[in-house]
Structures are given as C-alpha cells and as structure tokens.
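Worksheet for the structure shown next.
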Amino acid sequence: MIRSLALLAAIALAACEQGGVWDSLPRDDSPDGRACREEAARDPEVRRIASAQTGGVNPTQDARVRQELMDALPRAWNACMLRRGAAPAGGVEPLRRRTF
260 MIRSLALLAA IALAACEQGG VWDSLPRDDS PDGRACREEA ARDPEVRRIA
310 SAQTGGVNPT QDARVRQELM DALPRAWNAC MLRRGAAPAG GVEPLRRRTF
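Basically the numbering used here = 1-based index in the sequence shown + 259.
Have a look at this one:
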C-alpha cells in the first residue's frame, strides 16, 4: 500500500510540471532542459521526498514536503544540466523561493 502511494505521489509530481514546486526550476524549453526536468522528476531523492506527502491529511507535513521539493528539484535539475554540459559550472547561486 505504501509503495503504491509513493508511486502515485511520484506520478502526480511528474504530471503537475506547471506551477507549485516546478516554478523553482528555470523555464528552459531546450531539449536538455526538458530532459533534465524529466530526470529531476525521476531523481531518487525527489521521489523519496514526494512520497512523504499526505494528500491533504496533514497540511503541515505537506507544506514541509513542498518546501523540501523546492530545494531538491533545482539541485537535481542543475546536476543534470552540468552533466550534459548545458549549464556553465560555478557562478552565483540563484535566489531560492521560500514559499508559494
């Protein structure tokens, strides 16, 4: 049961790539940007965090999960872009959104 809920949460996360936590990623419609968005959705850390969502049963936990996803998704996306050579290494860290 827990496994199916985790899978459902990951699918919901991948399906809702507009708004919410996905706004923490840059708008990049290049092939590398799209591929890294998909890879970020499949990232083990992101999936682990997303599986902790309660589906509205515990709003405090859901808010905590959203905040963690807002930090984890850009990390996974940036790592992918660096691996693909599509983003320059180094530079100034982008401003992090703290709330919706």
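The C-beta atom is built at its ideal place from N, Cα and C for all residues, glycine as well.
Remember, it's a predicted structure, so these values are computed and weren't measured experimentally.
Burial state of residue i (16 or more Cβ within 10 Å)
i, result
"P333", "buried"
"V351", "exposed"
"R301", "exposed"
"Q320", "exposed"
Continuous alpha helix (DSSP H) stretch holding residue i: start and end
i, result
"A361", "Nothing can be reported for residue 361, as the shown portion of the chain is limited to 260 through 359."
"V324", "318-343"
CB-CB length for residue i against residue j, believed under 8 Å
i, j, result
"D330", "R355", "7 Å"
Collapsed DSSP secondary structure at residue i in the structure displayed
i, result
"S289", "coil"
"A299", "helix"
"G315", "coil"
Validate contact between the segment 281-300 and the segment 334-342 using beta carbons, cut 8 Å, 3 pairs | Yes, the segment 281-300 is in contact with the segment 334-342.
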